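*Asks:*
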Amino acid sequence: MPATGRRKRLEQPREVVLEAALAAIAEGGLDAMTMAALGKRLGISGGHILYYFGSKDRLLVETLRWSEERLGERRRELLARRVPAAERLADYIGIYLPVGRADPRWTIWVAVYGRSLGDPEVLHAGHDIERVWAAELSELLMAGAATGEWEPMDAAARAAFTVCLHGMLDGFALQIVIGAPGVEREERVAHALAYARSELGLQT
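Counted from 1, the sequence shown has number 31 at position 31 by full-length UniProt numbering; the numbering is strictly sequential.
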């Protein structure tokens, strides 16, 4: 049989596999998401999943990409609302951070960051996703300047703002997803928003 025909059959359940992988991580954490357990969950062999994705690391990256695509749809809906840019900035910060301890998307992010040390492809995949977030934040910053909500920023200033805000959010996200003692999500959201508003010259 031609390889293309074999590949076509394997691609059909891709989204089902990725959804199942995310659900497994949400229920039992990263260690529970083995190829064998995932195959049992789907009624197929773990070897079949391994054949298609190549490794658990690749499956994690593909699951992360897929979950980010779904989240991106929601993020774009929020950022397209006809409300002040400051409100949309608050939405951006809220959707960036984990929903709580062991958030499956951020659990995968933590794993991807760790695995990127020895795998440039995994590192690049993470950077590709981060660039999408950065680009949409840059557009939001330009929109707020265009409506006079804050002073205009050149490309270098927008990039610097993004680096600092994302650095803060990533640190807060790690605290939230591991369940660090004394860390409350709402408090971290408020801290990040207060920082962003201060940097933009808005009243906090």
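Where a beta carbon is used, it is the ideal one built from N, C-alpha and C, also for glycine. For clarity, every value in this text was computed on a predicted model and none was experimentally measured.
Buried or exposed: where does A80 fall if 16 or more other Cβ atoms within 10 Å of its Cβ makes it buried?
*Replies:* Flag for A80 reads exposed.
*Asks:* For M142, name the three-state secondary structure that DSSP assigns.
*Replies:* helix
*Asks:* On the DSSP letters alone, give me the boundaries of the alpha helix (DSSP H) that I178 sits inside.
*Replies:* A155 to I178
*Asks:* Does the beta-carbon of A32, which I'm using as the reference point, lie nearer than 6 Å to any heavy atom of the ligand SAM?
*Replies:* This structure simply doesn't include the ligand SAM, nor any ligand for that matter.
*Asks:* Taking the continuous alpha helix (DSSP H) assigned at M35, which residues delimit it?
*Replies:* M35 to L42
*Asks:* Return helix, strand or coil for R105, following the three-state DSSP convention.
*Replies:* helix
*Asks:* Compare the C-beta of I95 against all C-beta atoms of chain B and say whether one is closer than 7 Å.
*Replies:* Checking the listed chains, one finds no chain B in this structure; it contains a single protein chain.
*Asks:* Taking only three categories from DSSP, how would you classify T147?
*Replies:* Collapsing the DSSP output to three states places T147 in coil.
*Asks:* Assign L202 to one of three DSSP states: helix, strand, or coil.
*Replies:* coil
*Asks:* What's the call for P84, buried or exposed, on a 16-neighbour Cβ count within 10 Å?
*Replies:* exposed
*Asks:* Assign S45 to buried or exposed, taking buried as 16 or more other Cβ atoms, counted over all protein chains shown, within 10 Å of its Cβ.
*Replies:* exposed
*Asks:* Could you say which of L42, W66 and V99 lies nearest to I176 if we only look at CA atoms?
*Replies:* V99
*Asks:* Between the beta-carbon of D57 and the beta-carbon of R131, is there less than 7 Å?
*Replies:* no
*Asks:* According to DSSP, is V16 part of a helix, a strand, or is it coil?
*Replies:* helix
*Asks:* Report all residues from its chain with a CB closer than 6 Å to the CB of S67; omit the five preceding and five following residues, and keep chain order.
*Replies:* L22 and R105
*Asks:* Under 8 Å Cβ to Cβ from H124, same chain only, skipping five residues before and after it: list those, please.
*Replies:* none
*Asks:* Which residues mark the beginning and the end of the alpha helix (DSSP H) in which R82 is found?
*Replies:* Premise fails: R82 is in no alpha helix (DSSP H) and is neither H nor E.
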